[in-house]
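*Asks:* Protein chains in written order, with our numbering: chain A, 1441 to 1799; chain B, 1441 to 1799.
In this text, a Cβ means the ideal position worked out from N, Cα and C, and glycines have one as well.
Here the structure is a predicted model, which is why all the values come from computation and not from measurement.
One structure follows; several queries about it will come next.
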């Protein structure tokens, strides 16, 4: 069981404690003298490439690699006041102090004068602290803690989906300096976007078209085919399969997919969540042991159904990938990837899967 | 005038000299003992996200940051044999020794068993050396040399478009260690893809839809609106405008667009090419001077029309952008960008344009 309590930080932001035990005292008050931050976030439409970009000019001043002694994600103790008022915690979620999207975004930023079209950056950006221990990582969490994180992400997905204007909830973790992580304390993030990302929209369109044609789910068909082929399967649990995609874009990329057709994290049963905690930790540990020069930097993200469309045909998946292609060598997104949008993968997916299996 | 001569390297690859003067002796022979490289490139289709990825497992062993004394893009001299047999050159284009795409890609790699679909990685990857001087940069070239590079890119676009199976020709330059550049000698690249990149396809669809609706060109409308607004214009020449896009994804991003509706580089007149040489150098120099900690790393790419479709509605543009957002700070493509495909820009486009104008 996961037990939730909430409070507000000194500048009015919401914070949620997700505890593994009931009745923990979470009444600690944020005593910092914290001015409200100004945000000027907006979304702008690109009529040529058909996608929204978020413009958040106020974020340039955000916290950038503070020394460990100043970590804002540690619990507050010994007179040092952080973002988390409590002296200890299991899992904590709170609103980002420097958000790219906010429910307070100003309406002044709306414009619709072809070819220029913009709207306020309505939404939420939340930080998810996985543990009060500054010096560990997700891969080293106990399965029970991984389960608490999953419960927290599911709960936040449900709540954020209710905000007017929110069209997509994306839960993710950036891990490693090479990904640009500015705070090393183990944490993830949740973005609630005011639009369905164009990449997600394409996948929803694919799922819809396949369902119209066949009456079945595309992701179900892909997972079934991967399990039958076997060559790209990394590990299976009773209710989930982790496999490298046939057309992987990243050197080491794994999709973790539930066998049951479910749209999002809140739809998972207790059993599926427990099973997920195990296989997810297993996959992260494989990334940790891939290279001789230390744990691989990675990005992990949850591909959930959009909030208001195509929920019936969408099939949940987590995507974990690293940009390290060999010890000391990164996969850079250069001309082909960032300019033309064409990914070149130097590691054959079958080779990647074999290495992740430990062969 | 640009004068072309061609030769073959020791392993059979083609090389083209683009000279600024006629009758230069380009008969030098490649005397290296160079084994033919094996390539196993294929393209794989992602049925969910609807895009091709290139899988080039043989490329892991490619040259990685050789010491300056071993630069393979220097001319051959004093007994040191490089990729360029001549002792000096103006502009040289040759086939990449470690290509991601090749006309020799094996048919064995074709597969069409839903959901798995792949095809041989037919195409070409070429290297474009801008100057024999190892220690300079594109921004420092003379306008006449920039013009020669433009002529070379236009000529290669024409030739590569004739290769059976090639659907898109992308000319680009990666500059700077932060972009992952492995050879510091000033050079660009050309990729001839066997498909239209999905991002390009979206832009072609937009252009087609706008043309169907209005009878006009979308890019013409955008440039006209940007010139009228003025706030995002960086610099104008007689025949070209350089502006930051309204919905820029990168901290500093500039589109250089010809005023005339032309589909690609080969279609440019002599006058347009001369004018482009000037404004292109001007824009690169602005990127060089943006930050106190040295020239900005950048990616520059040419958005040309697809080879076989939508050529009538496509409008040529160059896109130049940097991933540096402030001195010492990079824009990383983390969870939102690489996971969800949503770009967050911390620099407001109008602010970026003002800074690029020198205000």
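Measuring CA to CA, which of A:1720, A:1551, A:1608 is closest to residue 1704 of chain A?
*Replies:* If you number the first chain from 1, residue 1704 of chain A lands on position 264. Closest in C-alpha terms to residue 1704 of chain A, from the list A:1720, A:1551, A:1608, comes A:1608.
*Asks:* Work out the CA separation of residue 1741 of chain A and residue 1445 of chain A for me, nearest whole Å.
*Replies:* In the first chain, counting from the first residue as 1, residue 1445 of chain A sits at position 5. In the first chain, counting from the first residue as 1, residue 1741 of chain A sits at position 301. Cα-Cα distance, rounded: 25 Å.
*Asks:* Given a limit of 9 Å on CB to CB distance, which residues of the stretch 1627-1641 of chain B reach chain A?
*Replies:* 1628, 1629, 1631, 1633, 1635, 1637, 1638, 1639, 1640
*Asks:* Given this structure, state the Cα-to-Cα distance separating residue 1642 of chain B from residue 1593 of chain B, to the nearest angstrom.
*Replies:* As a first step, residue 1642 of chain B must be located in the second chain, where it is residue number 202. As a first step, residue 1593 of chain B must be located in the second chain, where it is residue number 153. In a straight line, the C-alpha of residue 1642 of chain B is about 24 Å away from that of residue 1593 of chain B.
*Asks:* Taking the CB atoms as reference points, tell me whether residue 1723 of chain B and residue 1760 of chain B lie closer together than 7 Å.
*Replies:* Translated into the one-based positions of the second chain, residue 1723 of chain B becomes position 283. Translated into the one-based positions of the second chain, residue 1760 of chain B becomes position 320. In contact: residue 1723 of chain B and residue 1760 of chain B (Cβ atoms closer than 7 Å).
*Asks:* In angstroms, rounded to a whole number, what distance separates the CA positions of residue 1518 of chain B and residue 1509 of chain B?
*Replies:* On the second chain, position 78 is the one that residue 1518 of chain B refers to. On the second chain, position 69 is the one that residue 1509 of chain B refers to. Between residue 1518 of chain B and residue 1509 of chain B, the C-alpha separation is close to 12 Å.
*Asks:* Alpha carbon to alpha carbon, how far is residue 1469 of chain A from residue 1521 of chain A? Give it in angstroms, no decimals.
*Replies:* Mapped onto the first chain, residue 1521 of chain A falls at position 81. Mapped onto the first chain, residue 1469 of chain A falls at position 29. Distance between the alpha carbons of residue 1521 of chain A and residue 1469 of chain A: 10 Å.
*Asks:* What are the complete beta strand (DSSP E) segments, minimum 3 residues, inside the stretch 1614-1700 of chain A?
*Replies:* 1627-1633, 1673-1676, 1680-1683, 1692-1698
*Asks:* Indicate whether at least one CB of chain B lies closer than 7 Å to the CB of residue 1556 of chain A.
*Replies:* Reading the first chain from its first residue, position 116 is the one you call residue 1556 of chain A. Yes, its Cβ sits closer than 7 Å to a Cβ of chain B.
*Asks:* What does DSSP give as the partner residue(s) for residue 1483 of chain B in the beta ladder?
*Replies:* Numbered from 1 along the second chain, position 43 holds the residue referred to as residue 1483 of chain B. Beta-bridge pairing links residue 1483 of chain B to B:1494, B:1559.
*Asks:* With respect to the alpha helix (DSSP H) encompassing residue 1791 of chain B, which residues constitute its N-terminal and C-terminal limits?
*Replies:* As a working mapping, residue 1791 of chain B is identified with position 351 in the second chain. Where residue 1791 of chain B is concerned, the enclosing alpha helix (DSSP H) stretches over 1789-1797.
*Asks:* Pair every Cβ in the stretch 1457-1467 of chain B with every Cβ in the stretch 1739-1756 of chain A, then say whether three or more of these pairs are closer than 8 Å.
*Replies:* With a cut-off of 8 Å, the stretch 1739-1756 of chain A and the stretch 1457-1467 of chain B do not count as touching, because too few Cβ pairs lie within range.
*Asks:* Can you tell me which of the three DSSP states residue 1741 of chain B falls into?
*Replies:* Looking up residue 1741 of chain B in the second chain gives position 301. It is a strand residue.
*Asks:* By DSSP, does residue 1446 of chain A sit in helix, in strand, or in coil?
*Replies:* Here the question's residue 1446 of chain A lines up with position 6 in the first chain. If DSSP states are grouped into helix, strand and coil, residue 1446 of chain A belongs with the strands.
*Asks:* Locate the alpha helix (DSSP H) running through residue 1728 of chain A, then write down its first and last residues.
*Replies:* Against the first chain, residue 1728 of chain A aligns to sequence position 288. From DSSP, the alpha helix (DSSP H) with residue 1728 of chain A extends over 1710-1728.
*Asks:* Counting along the chain, where does the beta strand (DSSP E) carrying residue 1759 of chain B start and finish?
*Replies:* In the second chain, residue 1759 of chain B corresponds to position 319, counting from 1. Note, residue 1759 of chain B: beta strand (DSSP E), 1757-1762.
*Asks:* At a Cβ threshold of 7 Å, is residue 1643 of chain A touching chain B?
*Replies:* As a working mapping, residue 1643 of chain A is identified with position 203 in the first chain. Residue-level contact by beta carbon holds for residue 1643 of chain A and chain B, with a gap shorter than 7 Å.
*Asks:* For residue 1492 of chain B, tell me which candidate among B:1634, B:1694, B:1613 has the shortest Cα-Cα distance.
*Replies:* Within the second chain, the letter at position 52 stands for residue 1492 of chain B. Cα-wise, what sits closest to residue 1492 of chain B is B:1634.
*Asks:* Of the choices A:1544, A:1530, A:1554, A:1595, whose alpha-carbon is the least far from that of residue 1574 of chain A?
*Replies:* Numbered from 1 along the first chain, position 134 holds the residue referred to as residue 1574 of chain A. Nearest C-alpha to residue 1574 of chain A: A:1530.
*Asks:* Short of 7 Å in beta carbon distance, which residues of its chain neighbour residue 1588 of chain B, apart from the five on each side in sequence? Order them along the chain.
*Replies:* Numbered from 1 along the second chain, position 148 holds the residue referred to as residue 1588 of chain B. Cβ neighbours of residue 1588 of chain B beyond the five flanking positions: 1442, 1458, 1460, 1530, 1531.
*Asks:* Tell me the residue span of the alpha helix (DSSP H) that contains residue 1591 of chain B.
*Replies:* The residue given as residue 1591 of chain B occupies position 151 in the second chain. Residues 1583-1601.
*Asks:* Taking residue 1458 of chain B as part of the beta strand (DSSP E), name the residues at either end of that continuous run.
*Replies:* By one-based count along the second chain, residue 1458 of chain B stands at place 18. Counting along the chain, the beta strand (DSSP E) containing residue 1458 of chain B begins and ends at 1454-1459.
*Asks:* Name the one or two DSSP bridge partners that residue 1552 of chain B has.
*Replies:* As a position in the second chain, residue 1552 of chain B is number 112, starting the count at 1. DSSP output for residue 1552 of chain B lists B:1557 as bridge partner(s).
*Asks:* What span of residues does the beta strand (DSSP E) with residue 1466 of chain A cover, start to end?
*Replies:* Along the first chain, read from residue 1 onward, the residue named residue 1466 of chain A stands at position 26. Here residue 1466 of chain A belongs to no beta strand (DSSP E), and DSSP marks it neither H nor E.
*Asks:* Do residue 1673 of chain B and residue 1792 of chain B come within 7 Å of each other at the CB atom, strictly closer than that value?
*Replies:* Here residue 1792 of chain B corresponds to residue number 352 of the second chain, with the count starting at 1. Here residue 1673 of chain B corresponds to residue number 233 of the second chain, with the count starting at 1. Cβ atoms of residue 1792 of chain B and residue 1673 of chain B: not closer than 7 Å.
*Asks:* Helix, strand or coil, according to DSSP, for residue 1515 of chain A in the structure here?
*Replies:* By 1-based counting over the first chain, the position of residue 1515 of chain A is 75. Correct three-state label for residue 1515 of chain A: strand.
*Asks:* Please return the same chain residues whose Cβ sits closer than 7 Å to the Cβ of residue 1638 of chain A, not counting the five positions on each side in sequence.
*Replies:* Taking the first residue of the first chain as position 1, residue 1638 of chain A is located at position 198. Within the same chain, residue 1638 of chain A has close Cβ partners 1490, 1491.
*Asks:* Excluding the five sequence neighbours on either side, which residues of its own chain have a C-beta within less than 8 Å of the C-beta of residue 1786 of chain A, listed in chain order?
*Replies:* In the first chain, the residue the question calls residue 1786 of chain A occupies position 346. Cβ neighbours of residue 1786 of chain A beyond the five flanking positions: 1691, 1765, 1771.
*Asks:* Taking the alpha carbon of residue 1534 of chain A as the point to measure from, which residue in A:1758, A:1627, A:1721 has its own alpha carbon closest?
*Replies:* The residue labelled residue 1534 of chain A in the question sits at position 94 within the first chain. The option with the nearest alpha carbon to residue 1534 of chain A is A:1627.
*Asks:* Can you list the residues of chain B that residue 1612 of chain A reaches, using a CB-CB cut of under 9 Å?
*Replies:* As a first step, residue 1612 of chain A must be located in the first chain, where it is residue number 172. In chain order: 1774, 1775, 1776, 1779, 1780.
*Asks:* Can the beta-carbon of residue 1614 of chain A be found closer than 7 Å to that of residue 1655 of chain B?
*Replies:* Along the first chain, read from residue 1 onward, the residue named residue 1614 of chain A stands at position 174. Along the second chain, read from residue 1 onward, the residue named residue 1655 of chain B stands at position 215. The answer is no: Cβ separation not under 7 Å.
*Asks:* In angstroms with no decimal places, state the Cα-to-Cα distance between residue 1727 of chain B and residue 1783 of chain B.
*Replies:* For the purposes of this step, residue 1727 of chain B is identified with residue 287 of the second chain, where counting begins at 1. For the purposes of this step, residue 1783 of chain B is identified with residue 343 of the second chain, where counting begins at 1. Distance between the alpha carbons of residue 1727 of chain B and residue 1783 of chain B: 21 Å.
*Asks:* Using a Cβ-Cβ distance cut-off of 7 Å, determine whether residue 1806 of chain A contacts chain B.
*Replies:* Here chain A has residues from 1441 to 1799 only, and residue 1806 of chain A is not among them.
*Asks:* Bridge partners of residue 1769 of chain A, per DSSP?
*Replies:* For the purposes of this step, residue 1769 of chain A is identified with residue 329 of the first chain, where counting begins at 1. Residue 1769 of chain A is bridged to A:1766.
*Asks:* Can you give me the Cβ contacts of residue 1550 of chain A inside the same chain, cut-off strictly under 7 Å, excluding the 5 residues immediately before and after it?
*Replies:* As a working note, residue 1550 of chain A is residue 110 in the first chain. Hits under 7 Å: 1558, 1559, 1560.
*Asks:* Using DSSP with H/G/I as helix, E/B as strand and the rest coil, what is residue 1777 of chain A?
*Replies:* In the first chain, the residue the question calls residue 1777 of chain A occupies position 337. Helix at residue 1777 of chain A.
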